[in-house]
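Take the sequence shown: its letter number 17 is residue 17 in the UniProt record's numbering, and every next letter is one higher.
Beta carbons: idealized from backbone N, C-alpha and C, even for Gly.
Have a look at the structure below before the remarks.
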Amino acid sequence: MKITARAHTNIALIKYWGKRNEQLFLPMNNSISITLDQFYTTTSVTFRDDLKADSFILNGSEMGGQETDKISGFLDLIREKARRNEYAVIDSINNVPTAAGFASSASGFAALAAAATKAIGLNYSGADLSRISRFGSGSACRSIYGGFVEWNKGVRADGTDSFAEQIIDESEWDLSILSVMVESKPKKVLSREGMQRTVKTSAFYSGWLETIDADLNFTREAIQERDFEKLGTVLEHNALKMHATMLGANPPFFYWTGSTLDVMHKVQELRDSGIQAYFTIDAGPNVKVICQPEDERIVKESMQQIQSVRDVFVCHPGPGVSYIGE
Ligand code: ADP
Ligand code: DP6
Ligand code: CO
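See below:
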């Protein structure tokens, strides 16, 4: 049976940057995100007993060895849980640029987990889906839920308590998240490799871990209190700290371009003029600017005025994973 699922990307306010166990995708620290309404992946999965291998079609093109191997490795886990061995056809459409710092790995693996588990006959809860999506891409475990979400790193060695939970749903606090695109090319250093190098070699990684609990507490409070200035202050601080850990890695690396800096300067200028806007950046050059809906228009216009900005997409908190055609 063919099953189709959709999952939205998410943007981390407090970042996941580093694994304590790479095989089990266990993070060093908790992370907190907002699921986005405008960026998503739609994936159909059909298990068939006449196939000799999995076939992965992304945006209409058959994917090659490396990309398909990643998907097959993930489906092996699901086949093992279901005690089945059929291969599958996976047909996926990204309504988001792939591997460009827009979290396609999050929406991609959350949608795949939901479609594949159901197609193979497993009846998974949200927590089960979150736990298994983690094995495709860590950030995917947060995309199972809508609104504001926290991934609990868990304490058990086997990872069974490492999954995401919703803090508040998408209707409980409306914010504007502007995705400011300066570049849509795939990145040179994938998130997985970047965080691994950082954990192994960065002179600043200990500082990241020492200060993360304070950032998490501050963020949880800001969400409960709906205190935008408090949220904005801590999310920008956390993003800059994550990027600083990469500068301390060996060999060092960074994702920013000149245009990234142009956008960051503009956000600071807006704040100087009394408009509350804050930025965050994932593993890529593009910037997400977060503001309150009443300031959305002026912030968007300011971003569009920057010469090096190609496009500005406006998102709001969006929904969790869903099945299509039911
Ligand atoms: P991003 O910033 O887009 O999340 P990452 O480096 O984290 O970039 O991950 C990119 C990887 O995510 C791709 O190389 C691919 O393995 C995976 N991915 C992207 N889209 C999909 C999809 N629709 N289904 C499954 N995997 C996907
Ligand atoms: C900077 O989840 O893409 O976006 O688990 O290795 O697949 P893997 O990495 P991924 O890393 C996301 C890193 C980040 C921060 C975040 O989303 O929390
Ligand atoms: Co990713």
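- By alpha-carbon distance to residue 280, the top candidate from 272, 301 and 255 is 255.
- Look at residue 25: its beta carbon is less than 8 Å from one of the heavy atoms in the ligand DP6.
- Between the region 124-139 and the region 215-226, the count of Cβ pairs shorter than 8 Å is below three; the stretches do not touch.
- At least one heavy atom of the ligand ADP is found less than 8 Å from the C-beta of residue 67.
- Between the alpha carbons of residue 165 and residue 32 lies a distance of about 10 Å.
- Non-local beta-carbon contacts of residue 191 in its own chain, meaning distances under 6 Å to residues more than five positions away in sequence, involve 283 in chain order.
- Within the model, the alpha-carbon separation for residue 41 versus residue 9 is close to 8 Å.
- Unbroken beta strand (DSSP E) stretches of 3 residues or longer found wholly inside the region 67-126: 87-95, given in chain order.
- Secondary structure at residue 176: strand, using DSSP grouped into helix, strand and coil.
- By the 16-neighbour rule on beta-carbons within 10 angstroms, residue 215 is buried.
- Membership of residue 17 in any alpha helix (DSSP H) is not indicated, and neither H nor E is assigned to it by DSSP.
- A Cβ-Cβ separation of about 14 Å leaves residue 82 out of contact with residue 129 under the 8 Å criterion.
- Contact annotation: residue 67 and residue 196 have beta-carbon atoms that are not nearer than 9 Å.
- Minimum Cα-Cα distance from residue 139 among the listed residues 73, 35, 77 and 59 corresponds to 35.
- By the CB criterion at 9 Å, residue 151 and residue 27 fall inside the cutoff.
- Distances between the C-beta of residue 103 and the heavy atoms of the ligand CO include at least one below 8 Å.
- Relative to the ligand ADP, residue 96 has its C-beta within less than 8 Å of a heavy atom.
- The C-beta distance from residue 203 to residue 258 rounds to 25 Å, too long to fall under 8 Å, and the pair is not in contact.
- Under the three-state reduction of DSSP output, residue 312 falls in the strand class.
- When the beta-carbon positions are compared, residue 54 and residue 75 come within less than 9 Å of each other.
- Under a 10 Å Cβ-count criterion, residue 153 is classified as buried, with 16 or more other Cβ atoms of the shown protein chains found around its own Cβ.
- Counting along the chain, no beta strand (DSSP E) covers residue 210; the unbroken alpha helix (DSSP H) around it starts and ends at 205-225.
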